[in-house]
Amino acid sequence: MGSQVYVNGKEIENPHEFHHHVAPKKQYVQVLGALLVLTVLTVAVSYADLGPLSLPVAMLVAAVKASLVCAFFMHLKDDDRFNVFVFVGTLLFVAIFFSFTLFDLGARNAVNDEQKTFEYWNDEAAAGNALKVGVDHVPEKAAALKAAHAGGHGDGHGGDHGDAKAEGHGDAKAEGHGDAKAEGHGDAKAEGHGDAPAGEHEAKAPANHEAPGGH
Amino acid sequence: MSTTSHGSGQHEEYPPYLAHHFDTMGQQAGAAKLGMWLFLATEILMFSGLFLAYFIIRYFYPDMMLSAHEFLQKEAGALNTVVLLISSYTMAMAVRAAQTSNTPSLKRNLLWTLLCAGIFMVVKYFEYSAKIEHGMLPGRFYEAHYHGYELVGLPHIFFAVYFTMTGLHGVHVLVGMGIITWIYIRASRGDFHSGNYIAVENTGLYWHLVDLIWIFLFPLLYLVR
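Heads up: the protein sequence lines correspond to chains A and B, in order.
According to our numbering, the residues represented by the first sequence are 2 to 216, in order.
According to our numbering, the residues represented by the second sequence are 6 to 230, in order.
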């Protein structure tokens, strides 16, 4: 064994002395007390009507609590600085993740206005797409989804659905399904999936529209 | 093992719990702790995705958030917060007991921590069963309107967020209970003392992280204003 021993890049003078910092019991009790007081404060703040400030205030209190837990219970206060770096680095990346996503959300309206995306959404919604899901429609939608599934996998389930769709949408699919029915299941799947994956996608969309009518 | 080197001088003697690829206990403990912190970093990033989903949904549907959260039991959430904070304290005391070679205190504090975790899960169980009973379930499983509850907006999305976030957190609590049990068994064998307690310390770090996440979950889910 070499004479010099390094821990986290620093040379250690007495390598077999296992350094650790033991905090006094009193400190842990005080931290717990502070955490409980802050919990009461969080609940109190939620009842006091602070309007738009309530979320930032609640988050601030939570952040103070989290800092207490990190600094004292998790020993970051007296710990190797590199562990602090890992933790703070994580928070930095979380902050980037949050802020860029929220920038995007904030800019959405401007972009939608400019590109008229919103009208497009409206058309989709009017056509009974998923965007229009209300509370009352949920079970209906589940049924519709099931129906769509049954329809989408028309290979296995009777000719009516399959035919209707095949004629409606494009040649590629028509062929795929046609062969499928004529020759049987084994070949059908290989051809249908291989040739026209885009076609399959389309096949599900119209099924979605039809299904609610059927019920 | 108490006869092994602690002070200076006996450089050639290796403690039995020191892995051969480490020079010193300090180095071994430092490496283990750094590894734990890196793991905790991935945990924080995983939960941050869920928190971001929460904020996006809240940004788009503030009224729905406000009305749906009324159906969560604030008292249960507050009780669980207090229980988890106390368990964090007992866990910190367990680590301190290990640092001072106080095995009886270590075992006692681990048991207190386990008890608190158990209380947390029991409260969660009652909360979840009430939600399931009232049909307040995520996504297409939502059927509270059949039970006479009219919630505005898209409550099935709120409950999806609620169940995903608290569910993942609950899984972490269960895993933590398992690890604490394992540490308790090892403590009973006399594995831990002031020269070797990194396993206890890392368990503590994990447990405090579970607490940290709940510190944010509680005001966000239960105390919306």
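Yeah, the Cβ is synthetic: ideal placement off N, Cα and C, and Gly gets one too.
Source: prediction; values computed, not measured.
For residue i, return the contacting residues in chain B, with the cut-off set at a CB-CB distance below 7 Å.
| i | result |
| --- | --- |
| A:Ala63 | Ile220, Phe221 and Pro224 |
| A:Lys66 | Ile220 |
| A:Leu106 | Ile61 and Tyr64 |
| A:Asn84 | Lys38, Leu39 and Trp42 |
| A:Thr91 | Ala46, Ile49 and Leu50 |
| A:Asp59 | Going by the sequence as given, residue 59 of chain A is Ala instead of Asp. Result: Pro224 and Leu228. |
Roughly how many angstroms separate the alpha carbons of residue i and residue j, rounded to a whole number?
| i | j | result |
| --- | --- | --- |
| B:His177 | A:Ala72 | 22 Å |
| A:Ile97 | B:Phe52 | 15 Å |
| A:Leu33 | B:Arg194 | 30 Å |
| B:Tyr211 | A:Val112 | 43 Å |
| B:Ser199 | B:Leu217 | 27 Å |
| B:Lys136 | B:Leu142 | 7 Å |
| A:His194 | A:Arg109 | Model confidence at A:His194 stands at a pLDDT of 39, short of 50, so the residue's coordinates are unreliable and nothing is read from them. |
| B:Leu84 | A:Ser47 | 16 Å |
| B:His139 | B:Asn107 | 48 Å |
| B:Pro21 | B:Val215 | 32 Å |
| A:Phe94 | B:Ile61 | 18 Å |
| B:Ala204 | B:Asp196 | 10 Å |
| B:Tyr64 | B:Gly35 | 42 Å |
| B:Trp42 | B:Arg230 | 34 Å |
| A:His138 | A:Asp79 | Because the pLDDT at A:His138 is just 46, under 50, the model does not fix this residue reliably, and the point stays unresolved. |
| A:Gly107 | A:Ser100 | 10 Å |
| A:Leu37 | B:Arg101 | 21 Å |
| B:His1 | A:Leu39 | Here chain B covers residues 6 to 230 and nothing more, so residue 1 of chain B does not appear. |
| B:Val87 | B:Leu57 | 25 Å |
| B:Leu23 | B:Thr29 | 7 Å |
| B:Phe27 | A:Met75 | 24 Å |
| B:Trp117 | A:Glu115 | 60 Å |
| B:Val157 | B:Ala149 | 12 Å |
| B:Lys79 | B:Tyr59 | 18 Å |
| B:Thr186 | B:Glu155 | 44 Å |
| B:Gln32 | B:Ile184 | 23 Å |
Which residues in chain A have a C-beta closer than 7 Å to the C-beta of residue i? List them in chain order.
| i | result |
| --- | --- |
| B:Arg191 | Chain A residues near B:Arg191: none, gap ~18 Å exceeds 7 Å. |
| B:Lys22 | The question names Lys, yet the displayed sequence has Tyr at residue 22 of chain B. By Cβ distance, chain A contributes nothing, its closest Cβ being about 11 Å from B:Tyr22, past 7 Å. |
| B:Met98 | Tyr29 |
| B:Ser53 | Val95 and Phe98 |
From the DSSP output, in three-state form, read off residue i for me.
| i | result |
| --- | --- |
| A:Leu39 | helix |
| B:Asn207 | helix |
| B:His152 | helix |
| B:Asn107 | coil |
| A:Lys66 | helix |
| B:Glu75 | coil |
| A:His158 | At A:His158, the pLDDT of 39 sits below 50, so the modelled position is not reliable; the number obtained from the coordinates is stated separately. Three-state result, A:His158: coil. |
| B:Leu228 | coil |
| A:Asp80 | coil |
| A:Ala49 | coil |
| A:Phe88 | helix |
| B:Lys136 | helix |
| B:Pro143 | coil |
| B:Pro21 | coil |
| B:Ser160 | Reading off the sequence shown, one finds Pro at residue 160 of chain B, where the question assumed Ser. Three-state DSSP puts B:Pro160 in a helix. |
| A:His22 | coil |
| B:Thr86 | helix |
| B:Phe223 | helix |
| B:Phe27 | coil |
| B:Met98 | helix |
Under 8 Å by Cβ, that's how I've got residue i and residue j pegged, so tell me the actual separation to the nearest angstrom.
| i | j | result |
| --- | --- | --- |
| B:Met126 | B:Asn114 | About 19 Å; that fails the 8 Å criterion. |
| A:Phe83 | B:Leu39 | 7 Å |
| B:Met182 | B:Leu119 | 6 Å |
| B:Thr208 | B:Ile190 | Between B:Ile190 and B:Thr208 the Cβ distance is about 12 Å, and since that is not below 8 Å, they are no contact. |
| B:Leu173 | B:Leu55 | 7 Å |
| B:Tyr147 | B:His161 | 3 Å |
| A:Val23 | B:Thr105 | 6 Å |
| A:Ala63 | B:Pro224 | 6 Å |
Confirm the yes/no value for this check: CB of residue i, any heavy atom of the ligand GTP, distance under 7 Å.
| i | result |
| --- | --- |
| B:Tyr64 | This structure lacks the ligand GTP, and indeed carries no ligand of any kind. |
Please list the partners that residue i has in chain B, where partner means a Cβ-to-Cβ separation under 8 Å.
| i | result |
| --- | --- |
| A:Leu42 | The premise fails here: A:Leu42 is roughly 10 Å from chain B at the closest Cβ pair, so nothing lies under 8 Å. |
| A:Leu51 | Arg230 |
| A:Asp81 | Gly35, Lys38 and Leu39 |
| A:Thr102 | Leu57 and Ile61 |
Starting from the beta carbon of residue i, find every residue of chain A whose beta carbon is closer than 8 Å, and list them in chain order.
| i | result |
| --- | --- |
| B:Thr105 | Val23 |
| B:Val87 | Leu37 and Thr40 |
| B:Arg194 | The contacting residues do not exist; B:Arg194 stays about 20 Å from chain A at best. |
| B:Ala83 | Thr40 and Val44 |
| B:Arg101 | Val23, Ala24, Lys26 and Tyr29 |
| B:Asp68 | In chain order: nothing, as chain A lies at least about 13 Å away. |
| B:Leu217 | Ala67, Val70 and Cys71 |
Could you please give me the residues that DSSP links to residue i through a beta bridge?
| i | result |
| --- | --- |
| B:Asn201 | B:His198 |
Please check if any C-beta of chain C sits within less than 8 Å of the C-beta of residue i.
| i | result |
| --- | --- |
| A:Val95 | Among the chains of the structure shown, chain C does not appear; the protein chains present are A and B. |
Taking C-beta pairs closer than 9 Å, name the residues in chain A that residue i reaches, listed in chain order.
| i | result |
| --- | --- |
| B:His213 | Val70, Cys71, Phe74 and Met75 |
| B:Tyr94 | Tyr29, Val30, Val32, Leu33, Leu36 and Phe74 |
Output, in chain order, the set of chain B residues within a Cβ distance shorter than 9 Å of residue i.
| i | result |
| --- | --- |
| A:Val87 | Leu39, Trp42, Leu43, Leu45 and Ala46 |
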